[in-house]
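Notes for the one structure printed next.
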Amino acid sequence: MGALGDRLGEIAAAAAASGALRVAVDLPSGLETDSGEAMGAVLPADLTVTFHCRKPAHGLRPDLCGEVKVVDIGL
């Protein structure tokens, strides 16, 4: 995905503070796949649904990925 802009960063912060369940598809928005580094604002997830296999960021940043479910898509 890439870095969240200022406005999306504000929305991500509000969502994180809301107490609502947050689900990410593949990775939480704003999180770099290989290093697990935040690219500015990150929308932390309670649950991350990813495909085929876990990515390095899932292991490096469990605080941002939450529970990770791997879904087989037939690769």
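In my numbering, the protein residues as written are 6 to 80.
Yeah, the Cβ is synthetic: ideal placement off N, Cα and C, and Gly gets one too.
- DSSP places alanine 46 outside both helix and strand once states are collapsed to three, so it counts as coil.
- The three-state reading of DSSP puts leucine 52 in strand, counting E and B together.
- Per DSSP, the beta bridge partners of alanine 29 are Thr53.
- Remark: C-beta atoms of glycine 14 and glycine 35 approach each other more closely than 9 Å.
- Contact check for alanine 50 against glycine 24 fails: the beta carbons are separated by 9 Å or more.
- Between leucine 52 and the set Leu80, Leu69, Ile16, Ile78, the nearest pair of CA atoms involves Leu69.
- Where glutamate 15 is concerned, the enclosing alpha helix (DSSP H) starts and stops at 11-23.
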